[in-house]
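Chain order of the listed sequences is D and V. The numbering used here puts the first sequence at residues 9 to 380. The numbering used here puts the second sequence at residues 9 to 380. Backbone N, C-alpha and C fix where the C-beta goes; we use that ideal spot for every residue, glycine too. Below is one structure; the comments refer to it alone.
Number of protein chains: 2
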Amino acid sequence: MARIEDVSSPARTAEPGEGIGRDELSLATRNHGLPLEALRYDRTPPGLHYVLTHYDIPYVAEDAAWELTIGGHVEHPLRLSMDDLRSHPAVTTRVTMECAGNGRALLTPRPVSQPWLVEAVGTADWTGVPLRALLAEAGVRDGAVDAVFTGADHGIERGVEQDYQRALPLDTAIGDAPGVLVAYAMNGAPLPPQHGWPLRLVVPGWYGMAHVKWLRDITIAEQPFTGFQQTTAYRIRQEPHEEGTPVTRIAPRALMVPPGFPDFMSRARVVRPGPVLIEGRAWSGRAPVTAVEVSTDDGRTWNEAALDAPTGHHWAWRRWRFDWTAVPGEHMLCARATDAEGDTQPVDQPWNRGGFANNLVQRLPVHCVEPG
Amino acid sequence: MARIEDVSSPARTAEPGEGIGRDELSLATRNHGLPLEALRYDRTPPGLHYVLTHYDIPYVAEDAAWELTIGGHVEHPLRLSMDDLRSHPAVTTRVTMECAGNGRALLTPRPVSQPWLVEAVGTADWTGVPLRALLAEAGVRDGAVDAVFTGADHGIERGVEQDYQRALPLDTAIGDAPGVLVAYAMNGAPLPPQHGWPLRLVVPGWYGMAHVKWLRDITIAEQPFTGFQQTTAYRIRQEPHEEGTPVTRIAPRALMVPPGFPDFMSRARVVRPGPVLIEGRAWSGRAPVTAVEVSTDDGRTWNEAALDAPTGHHWAWRRWRFDWTAVPGEHMLCARATDAEGDTQPVDQPWNRGGFANNLVQRLPVHCVEPG
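Structural data, given as structure tokens:
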């Protein structure tokens with residue numbers, strides 16, 4: 009007799025030298041990153057923004073009657089149609105979003121899960137209603153501690169059948185830095201199915217797990233939320249049974265547009281001798297990026313990159329560039345960001361069992377070759 | 009001294025038991041398939057259509073002055089702006105496109121390249137100018153045999169530096185079944201960057217390698233084209249030094265929407281006992297799909313699925329469905345398509361060194377479990 013528990017396997021790390029398995033590959037073929045050359049765009053074009061879906065993308069017809077319920081510890085429980093939401097004053101925020109598991113597949117030992125290298129990022133303009141406006145309408149009662157968000161996506165993780173659910177502390181939910189959005193548009197268009205059509209949460213500055221997609225319910229709770237995605241998954245732990253610390257805001261990171269042109273299979277890069285523009289984007293969900301440094305010798309020496317002037321988009325990445333003069337030979341390019349809180353990127357892996365928040369410095373091998 | 013040849017490694021197949029390597033993973037994180045639940049849509053929503061890019065996605069600004077040149081063995085070489093192309097009578101064709109490497113990672117031994125399982129497919133409406141109209145304008149001269157298409161994407165494969173180039177036999181290029189398009193719109197919108205902005209070729213019924221993206225030149229040739237992508241890559245071979253046969257039209261395939269709900273990590277499916285709709289899509293680039301069969305016992309017995317009425321979209325997939333009554337236990341679901349030429353899908357792997365055109369029957373394990 010089949011049981012739900014038998015469908016899942018336990019969390020594990022890969023053995024030394026173990027290649028990516030069929031399970032990790034089945035995630036990698038459906039979820040996808042930002043091809044790094046798309047770091048050239050201020051705003052990520054449709055289909056290039058990273059996508060991570062825990063279960064299936066729910067099928068919601070174009071004319072479906074979607075309803076958002078707001079209840080729990082409130083004075084006036086609400087039931088809002090999409091038209092109700094669209095009739096509220098709208099806010100648009102440009103947000104750089106990154107998966108909490110970005111960098112996981114570079115860790116040793118490798119936590120077995122969605123095997124991101126460095127590319128699980130994207131930037132979009134999200135339009136919707138400020139969460140604090142909806143919660144003010146509902147009237148949060150004294151004693152509330154968490155706002156719990158439920159999506160329509162349903163599945164199993166480590167034997168636990170669940171709808172995807174995450175909570176935010178109440179002060180974050182009703183605060184204005186970041187201003188959390190209940191969003192119905194991405195880059196001025198209705199949300200694509202894989203980004204939460206018709207409704208999702210957007211929590212600027214936080215890793216992707218907080219931005220609940222296919223949002224159907226918000227419940228205000230008097231007790232801290234202890235669901236799977238809050239207390240089992242998305243915790244920084246060295247040992248399996250530790251309580252761990254929660255994954256919250258995005259650690260600083262800089263990524264380069266890979267210069268030159270690639271080999272199809274190895275993705276190794278070739279540049280020509282002479283001036284080479286090294287450019288990219290940098291972000292932090294904790295504080296503004298204040299510096300980006302570039303190394304062309306695998307981190308032995310570092311050079312200050314030029315940051316573009318601030319764009320006014322507080323929660324979005326910042327462009328940077330560095331002029332390099334390439335000489336024939338092999339080079340290892342690196343870039344690292346530092347934010348206004350003084351956080352920077354490590355050159356040694358910040359390992360944890362779940363493979364979260366690995367903002368290890370990007371290393372990009374480049375072959376400088378004279379034209380043939 | 010670095011040489012272009014040193015950047016590439018030779019083509020190879022994986023050792024027995026060898027997991028997916030870092031090189032294959034770096035392709036899998038940037039290219040992506042269709043999440044199979046998106047088989048529910050007649051036309052694949054933006055961002056869910058499969059993408060395979062050999063090199064980088066070229067950066068082409070929104071206001072770039074793109075030019076398509078048509079030359080070689082013609083009476084009147086042409087230089088066409090995007091406005092020129094848009095002023096020609098437009099045709100829209102719904103096309104199911106599939107990567108020639110779909111199914112590669114299921115082969116044993118596994119050819120090391122982009123590691124697709126079964127999901128490298130999508131369907132879109134492509135709008136553009138019929139290629140035969142442009143070639144008529146240019147006036148193809150007697151003795152022409154091939155039309156050679158060059159994209160703006162540049163890279164290296166197995167030591168060969170190249171712009172991506174593919175040819176079609178002249179009779180295919182000027183024929184009307186399929187009617188080849190020089191396309192500038194996808195689903196009524198400008199092409200997204202990863203689908204060839206601003207211009208690409210669309211060859212209905214052919215595997216994806218023929219649909220040259222970022223199309224900038226068409227050259228009519230008096231000799232058969234012998235470029236890398238025509239004579240080295242995209243050939244069906246058992247041994248490395250065989251001439252092989254070219255990869256051309258899409259072999260028949262049926263895929264199921266995975267029923268029920270998944271486990272995050274294993275993607276194993278859970279359904280409840282009772283009626284379960286098994287639905288999906290089927291296509292062939294060679295001839296219309298005439299039958300889809302479903303097995304719920306790993307291919308021991310097969311049942312006829314119901315095909316939706318033809319939609320008039322000759323080059324697009326066809327919807328099918330089958331009503332299953334699930335009973336508790338483990339089940340292996342399979343589906344297979346047959347086309348009007350009598351081609352069907354094999355249950356034994358059609359192995360070749362490049363891992364092309366593997367239309368092995370899809371096998372989908374399902375756990376039928378009583379509600380907990």
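In DSSP terms, what residue i is bridged to
| i | result |
| --- | --- |
| C107 of chain V | Looking at the DSSP assignment, C107 of chain V forms no beta bridge with any residue, so it has no partner. |
| T158 of chain V | V:Q173 and V:D225 |
| Q370 of chain D | D:A343 |
| R289 of chain V | V:L263 and V:R327 |
| S89 of chain V | V:E75 |
| I244 of chain V | V:T253 |
| W124 of chain V | Its beta-bridge partners do not exist; DSSP assigns none. |
Coil, strand or helix - residue i by DSSP
| i | result |
| --- | --- |
| E13 of chain D | helix |
| T37 of chain D | coil |
| I65 of chain D | coil |
| G216 of chain D | helix |
| T253 of chain V | strand |
| L139 of chain V | helix |
| F269 of chain D | strand |
| L114 of chain V | helix |
| E70 of chain D | coil |
| H203 of chain D | helix |
| T239 of chain V | helix |
| I258 of chain V | coil |
| E378 of chain V | coil |
| L189 of chain D | strand |
C-beta contact flag for residue i and residue j at 8 Å
| i | j | result |
| --- | --- | --- |
| G216 of chain D | L60 of chain D | yes |
| R208 of chain V | T131 of chain V | no |
| V15 of chain V | V284 of chain D | no |
| E127 of chain D | G41 of chain D | yes |
| V374 of chain D | G268 of chain D | yes |
| V153 of chain V | E230 of chain V | yes |
| G27 of chain V | V120 of chain V | no |
| R243 of chain D | P254 of chain D | yes |
Beta-carbon contacts of residue i that lie in its chain and below 6 Å, excluding the five residues immediately before and after
| i | result |
| --- | --- |
| P296 of chain V | A348 |
| Q202 of chain V | V59 and I65 |
| N367 of chain V | A259, R261 and Q353 |
| T239 of chain V | none |
| A334 of chain D | V279, P281, V284 and C376 |
Beta-carbon contacts of residue i that lie in its chain and below 8 Å, excluding the five residues immediately before and after
| i | result |
| --- | --- |
| P379 of chain D | R280 |
| P198 of chain D | Y192, W205 and P206 |
| R294 of chain V | G213, R257, I258, A259, P260, D347, E349 and D351 |
| R224 of chain V | W74, E75, L76, T77, T158, G159, A160 and L207 |
| G151 of chain V | H81 and E230 |
| P270 of chain D | A276, R277 and V278 |
Top-ranked residue by Cα proximity to residue i, from the options
| i | options | result |
| --- | --- | --- |
| T116 of chain V | V:P201, V:R20 and V:A334 | V:R20 |
| T100 of chain D | D:I28, D:R30, D:T319 and D:W134 | D:W134 |
| W74 of chain D | D:L88, D:Y58, D:G111 and D:A313 | D:L88 |
| L189 of chain D | D:P97, D:M264 and D:L44 | D:P97 |
| V156 of chain V | V:Y49, V:A46 and V:I182 | V:I182 |
| W226 of chain V | V:E165, V:A160 and V:M273 | Note that residue 226 of chain V is Ile in the sequence shown here, rather than Trp. The shortest C-alpha separation from I226 of chain V is found at V:A160. |
| A290 of chain V | V:R11, V:L315, V:G307 and V:M273 | V:L315 |
| S95 of chain V | V:P138, V:Q122 and V:G109 | V:P138 |
| P318 of chain D | D:E312, D:W328, D:N311 and D:T309 | D:W328 |
| V220 of chain D | D:I28, D:Q231 and D:Y172 | D:Y172 |
| W325 of chain D | D:T234, D:V68 and D:V300 | D:V300 |
| A122 of chain D | D:C376, D:V377 and D:G362 | The sequence shown places Gln at residue 122 of chain D, not Ala. Ranking the options by Cα distance to Q122 of chain D, first place goes to D:G362. |
| T304 of chain V | V:A146, V:D71, V:W332 and V:T298 | V:W332 |
| C342 of chain V | V:H57, V:G282, V:V153 and V:V302 | V:V302 |
| A313 of chain D | D:F330, D:W124, D:G79 and D:R48 | D:F330 |
| C107 of chain D | D:G151, D:H62 and D:D92 | D:H62 |
| G307 of chain V | V:R344, V:V335 and V:I286 | V:R344 |
| P200 of chain V | V:P43, V:P53, V:N360 and V:S34 | V:P53 |
| T180 of chain V | V:H162, V:F364 and V:I228 | V:I228 |
| P232 of chain V | V:F272, V:P266, V:P177 and V:D271 | V:P177 |
| I286 of chain D | D:N39, D:R48 and D:D31 | D:R48 |
| A365 of chain V | V:G337, V:V68, V:L125 and V:D92 | V:L125 |
Close-in-space but distant-in-sequence residues of the same chain around residue i (CB under 7 Å, 5 per side omitted)
| i | result |
| --- | --- |
| P186 of chain D | V211, P212, G213 and W323 |
| H321 of chain D | R102 |
| I12 of chain V | I164, G167 and E169 |
| A22 of chain D | P117, R118 and V120 |
The ligand HEM heavy atom lying under 7 Å from the CB of residue i
| i | result |
| --- | --- |
| E127 of chain V | Absence of the ligand HEM is noted for the structure shown, with no ligands found whatsoever. |
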